[in-house]
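Quick notes on the structure that follows.
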Amino acid sequence: MTRKTTRSKAAALDARTGLLQTITITHALKELKLLDSRISARIGSLNAIRVRRHNEPLVAGLSKEQFETQARGAYQAIRALITRREAIKAALVQSNATTLVTVGNERMTVAAVVERRRSLEVRRGRDGLVDHAPTLDALVAVLSAQYTQAVNEEATLRAQITRDSEARVAAFLSKDQGKDKGGPSDSNTQEMERLYREANAPVMDDPLNLLSEMTAMREAAETFAAEVDRVLDETNATTTIRVPASV
12 MTRKTTRSKA AALDARTGLL QTITITHALK ELKLLDSRIS ARIGSLNAIR VRRHNEPLVA
72 GLSKEQFETQ ARGAYQAIRA LITRREAIKA ALVQSNATTL VTVGNERMTV AAVVERRRSL
132 EVRRGRDGLV DHAPTLDALV AVLSAQYTQA VNEEATLRAQ ITRDSEARVA AFLSKDQGKD
192 KGGPSDSNTQ EMERLYREAN APVMDDPLNL LSEMTAMREA AETFAAEVDR VLDETNATTT
252 IRVPASV
């Protein structure tokens with residue numbers, strides 16, 4: 012099999028169809044850069060949760076249903092892009108481990124070339140091969156920040172509504188004082204306060220169920236982290252390689 016044929020068979024998972032497509036390594040590398048840019052931009056613009064008053068059906072021109080549809084769509088798009096990026100990276104790693112090239116007088120795999128170049132960059136005081144791509148961890152961090160902000164906004168709004176309700180009742184009592192010898196009854200003021208609080212009660216639009224979603228993502232990451240060292244240790248202990256004999 013020729014080097015050109017090997018490269019042409021680098022496959023990446025098509026997230027939209029679940030099928031495999033054949034692309035060149037050059038294509039894959041360019042797409043990775045594009046995916047990194049798109050993922051970062053979409054994570055930065057993601058609005059997954061919001062807080063509003065019960066009697067406020069529209070926020071920034073979006074109804075509850077419109078906001079939830081938009082949030083779900085944006086989140087699913089980000090996950091799909093990350094999944095595709097991971098698939099392309101995995102295919103590149105596999106290709107680099109098996110594709111042979113000649114550098115000077117040495118025949119080596121692309122993976123060996125990349126590692127040698129990385130070592131050279133480190134010796135020169137720079138590492139241009141560090142992967143700074145957005146990951147699921149970055150997404151979780153954004154979701155966590157938005158959830159915390161929403162919880163704080165809900166608490167702040169609830170406290171504000173309580174103060175406003177008490178102020179309205181006080182104003183009502185002050186206004187009606189002296190008009191009626193008996194004054195307004197406790198039941199009237201309590202009903203007024205109840206109606207105001209119900210109408211203005213904080214509502215959290217959380218279409219992704221963020222707390223549950225973040226918990227699942229963190230647990231998956233922790234499970235992988237716990238297993239990866241064990242699996243690598245086991246396979247490293249049983250896998251052999253051929254190297255020049257020591258002198």
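Counting in this note's numbering, the sequence shown runs from 12 upward without gaps. Ideal Cβ placement from N, Cα and C applies to all residues, glycine included.
Next on the checklist: For residue 61, report the span of its beta strand (DSSP E) as first-last.
Outcome noted: By 1-based counting over the sequence shown, the position of residue 61 is 50. Per DSSP, residue 61 belongs to the beta strand (DSSP E) from 61-64.
Item to check | Where residue 53 falls: helix, strand or coil (DSSP) | outcome: Translated into positions along the sequence shown, residue 53 becomes position 42. Helix at residue 53.
Item to check | Terminal residues of the beta strand (DSSP E) in which residue 118 lies | outcome: As a position in the sequence shown, residue 118 is number 107, starting the count at 1. Looking at the DSSP string, the run of the beta strand (DSSP E) that includes residue 118 is 117-120.
Item to check | For residue 99 and residue 53, believed in contact at Cβ under 8 Å, the rounded distance | outcome: Here residue 53 is taken as the residue at index 42 of the sequence shown, counted from 1. Here residue 99 is taken as the residue at index 88 of the sequence shown, counted from 1. Not a contact, Cβ separation roughly 17 Å.
Next on the checklist: Cutting at 7 Å between CB atoms, please list the residues of its own chain near residue 101, excluding the five before and the five after it.
Outcome noted: Counting from one through the sequence shown, the residue named residue 101 turns up at place 90. Excluding positions up to five away in sequence, the list is empty.
Item to check | Neighbourhood of residue 22 by C-beta, 8 Å cutoff - its chain only, sequence neighbours within 5 removed | outcome: Residue numbering aside, residue 22 sits at position 11 when the sequence shown is read from its first letter. With a pLDDT of only 42 at residue 22, under 50, the local geometry of the prediction cannot be trusted, and no value is derived from it.
Checklist entry - Can you find at least 3 beta carbon pairs, one from the segment 237-252 and one from the segment 169-181, that sit closer than 8 Å? => result Flag = no, the segment 237-252 and the segment 169-181 do not touch.
Next on the checklist: Report the CB separation of residue 182 from residue 66 in whole angstroms; it is logged as a contact under 8 Å.
Outcome noted: In the sequence shown, counting from the first residue as 1, residue 182 sits at position 171. In the sequence shown, counting from the first residue as 1, residue 66 sits at position 55. Between the beta-carbon of residue 182 and that of residue 66 there is about 20 Å, and that puts the pair past the 8 Å contact cut.
Next on the checklist: Tell me the rounded alpha-carbon separation between residue 108 and residue 128.
Outcome noted: Numbered from its first residue, the sequence shown carries residue 108 at position 97. Numbered from its first residue, the sequence shown carries residue 128 at position 117. Between residue 108 and residue 128, the C-alpha separation is close to 15 Å.
Item to check | Contact check, residue 58 vs residue 157, beta carbons under 9 Å | outcome: To locate residue 58, count along the sequence shown from 1; it is residue 47. To locate residue 157, count along the sequence shown from 1; it is residue 146. A contact, by the Cβ cut-off of 9 Å.
Checklist entry - What does residue 111 pair with, by DSSP beta-bridge criteria? => result In the sequence shown, counting from the first residue as 1, residue 111 sits at position 100. Within the DSSP bridge table, the entry for residue 111 names 120 as partners.
Next on the checklist: Judging by CA-CA distance, which residue of 242, 155, 161 is the nearest neighbour of residue 215?
Outcome noted: By 1-based counting over the sequence shown, the position of residue 215 is 204. Residue 161 is the option with its Cα nearest to residue 215.
Item to check | Exposed unless 16 or more other CB atoms sit within 10 angstroms - verdict on residue 145 | outcome: One-based indexing of the sequence shown puts residue 145 at position 134. Buried, since its Cβ has 16 or more Cβ neighbours within 10 Å.
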